[in-house]
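Chains as they are written, first to last, in the working numbering: chain A, 1 to 118; chain B, 1 to 247.
Please read the structure below before turning to the comments.
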Amino acid sequence: MTTKRSPEPFAWLLFSAGGMVAALLVPVLLLLFGIAFPLGLLSAPDHAYLASVVSHPITLLVLFGLCVLALLHWAHRFRYTLYDGLQLKKYGVPITICCYGGAIVGSVVAAVVLLRAL
Amino acid sequence: MPETITIEVWRYRPEQDSEPAWDSYEVPLRKEWAVLDGLNHIKDQLDGTLSYRWSCRMGICGSCGMTVNGEPKLSCSTFLTDYAPGPVRVEPMRNFPVIRDLVVEMGDFMAKLPTVKPWLVSGDDEPDEDAEYLQTPVEMDDYKRYSMCINCMLCYSACPVYALDPEFIGPAAIALAQRYNLDSRDAGAEDRRDVLASAEGVWACTFVGECSVACPKDVDPAGAIQRYKLTAATKAVKDLLLPRGAR
Ligand code: SF4
Ligand code: FES
Numbered sequence: 001m002t003t004k005r006s007p008e009p010f011a012w013l014l015f016s017a018g019g020m021v022a023a024l025l026v027p028v029l030l031l032l033f034g035i036a037f038p039l040g041l042l043s044a045p046d047h048a049y050l051a052s053v054v055s056h057p058i059t060l061l062v063l064f065g066l067c068v069l070a071l072l073h074w075a076h077r078f079r080y081t082l083y084d085g086l087q088l089k090k091y092g093v094p095i096t097i098c099c100y101g102g103a104i105v106g107s108v109v110a111a112v113v114l115l116r117a118l
Numbered sequence: 001m002p003e004t005i006t007i008e009v010w011r012y013r014p015e016q017d018s019e020p021a022w023d024s025y026e027v028p029l030r031k032e033w034a035v036l037d038g039l040n041h042i043k044d045q046l047d048g049t050l051s052y053r054w055s056c057r058m059g060i061c062g063s064c065g066m067t068v069n070g071e072p073k074l075s076c077s078t079f080l081t082d083y084a085p086g087p088v089r090v091e092p093m094r095n096f097p098v099i100r101d102l103v104v105e106m107g108d109f110m111a112k113l114p115t116v117k118p119w120l121v122s123g124d125d126e127p128d129e130d131a132e133y134l135q136t137p138v139e140m141d142d143y144k145r146y147s148m149c150i151n152c153m154l155c156y157s158a159c160p161v162y163a164l165d166p167e168f169i170g171p172a173a174i175a176l177a178q179r180y181n182l183d184s185r186d187a188g189a190e191d192r193r194d195v196l197a198s199a200e201g202v203w204a205c206t207f208v209g210e211c212s213v214a215c216p217k218d219v220d221p222a223g224a225i226q227r228y229k230l231t232a233a234t235k236a237v238k239d240l241l242l243p244r245g246a247r
């Protein structure tokens, strides 16, 4: 049995944080922008108003944080899905690189998309 | 209610069977009979060669774990009538090597358990032999649930992570470590940390939660593991950020 300290706690903390912010924010956003506004249950804000909200630095920061943490949550979960679900643990290193690398690429894309709103 | 029920038992006698096989036995179906009573009837009346472990017949000793209709169960607390009209399939616990019939080899757990020091570690260099170490009921509540473990191994039998990675120290060992970590009289948390916070400790767990479903004593090993993950992660962050003295 190995008793080496593993880097896992940091991956897990980010995974937990991602799960929590995603669970808190994504349903609200989906409900508003996916159901309530399109179906006219709530009157939708106009484009200029939304654009000004999105380009506010705090909104940008919150949305960016949500994207990054949710992607890191995905990376952790998908890594274990590949390890245990598909039993690919022997490819641990490339899987880890692909999952977290994917999350980093996704974060960069999110940053670019968000900065365009400025 | 029918008068009898069929029990299908997984048999393996290494000296004569090249492969495991199923044997069927017809046993009386009585309201108060557990699966274990059915097996005892088989052993006493029908086939004395059947091997299995049991002792207390009351869910205390933890020796009668088996797979009953695919689920990890204490055979003394699992009633035949719940499976009527049958048949009931009885197999050895999963994830352990089989010695014979329903008897499994538990050496792996026996080797892992002491590595988490499941005993009170004294903080005093020279503990006073006559001192009383008092504890309030609230302090006891912190760990009481984890102290109910009877080492039945049903949680290991249920755990898909243990099935894939036998190095995982496993649900009961971690719950038992927490039983002492959370005890106000214990000072051994740091000693246990190397094993618990390793890759084969809590970090091997992916929170499937089957251990807590299987546990007959409501120990909630999955909860114990999640709780320790937070403890271990907090410590890891502190180790990273704080100088040695301030941790
Ligand atoms: S935690 Fe529950 S299932 Fe696991 S060994 Fe202890 S009593 Fe049995
Ligand atoms: S015989 Fe003791 S727990 Fe079942």
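Where is the CB? At the ideal position from N, CA and C, for every residue including glycine.
So which residues put a beta carbon under 7 Å from any heavy atom of the ligand FES, going in chain order? Any residue whose Cβ sits closer than 7 Å to a heavy atom of the ligand FES makes the list: B:Leu-36, B:Trp-54, B:Ser-55, B:Cys-56, B:Arg-57, B:Met-58, B:Gly-59, B:Ile-60, B:Cys-61, B:Gly-62, B:Ser-63, B:Cys-64, B:Leu-74, B:Ser-75, B:Cys-76, B:Ser-77, B:Ile-150 and B:Cys-152.
Tell me which same chain residues have a C-beta within less than 6 Å of the C-beta of Ala-11 of chain A, skipping the five on either side of it? His-76
When you measure from the CB of Met-20 of chain A to every non-hydrogen atom of the ligand SF4, does any distance come out below 8 Å? Taking 8 Å as the cut-off, the C-beta of Met-20 of chain A does not count as close to any heavy atom of the ligand SF4.
Amino acids of chain A, ordered along the chain, whose beta-carbon sits closer than 8 Å to that of Val-88 of chain B: Within 8 Å Cβ-Cβ: nothing; Val-88 of chain B doesn't reach chain A, min ~31 Å.
Extent of the continuous alpha helix (DSSP H) to which Gly-106 of chain A belongs: From DSSP, the alpha helix (DSSP H) with Gly-106 of chain A extends over 92 to 116.
Considering only residues of the same chain and omitting the five flanking positions on each side of Tyr-83 of chain B, which have a CB-CB separation below 6 Å? none
How would you write the range of the alpha helix (DSSP H) that Pro-221 of chain B sits in, first residue to last? 221 to 241
Quick check: is any heavy atom of the ligand SF4 less than 8 Å from the C-beta of Lys-217 of chain B? yes
Output needed for Gly-201 of chain B: all residues of its chain with C-beta closer than 6 Å, excluding positions within five of it in sequence on either side, in chain order. Ile-169 and Val-195
Between Leu-182 of chain B and the ligand SF4, is the CB less than 8 Å from at least one heavy atom? no
Once the 5 residues before and after Phe-37 of chain A are set aside, which same chain residues still bring their CB inside 7 Å of it? Ala-44
Spatial distance of Gln-45 of chain B from Val-121 of chain B (CA atoms): 49 Å
May I ask you to list the residues that DSSP assigns as paired with Trp-10 of chain B? When beta bridges are read from the DSSP output, Trp-10 of chain B appears opposite B:Trp-22.
Given this structure, state the Cα-to-Cα distance separating Asp-17 of chain B from Gly-48 of chain B, to the nearest angstrom. 17 Å
Any chain A beta carbon closer than 9 Å to Lys-117 of chain B: no
Identity of the residues DSSP links to Phe-79 of chain B by a beta bridge: Paired residue(s): B:Ala-34.
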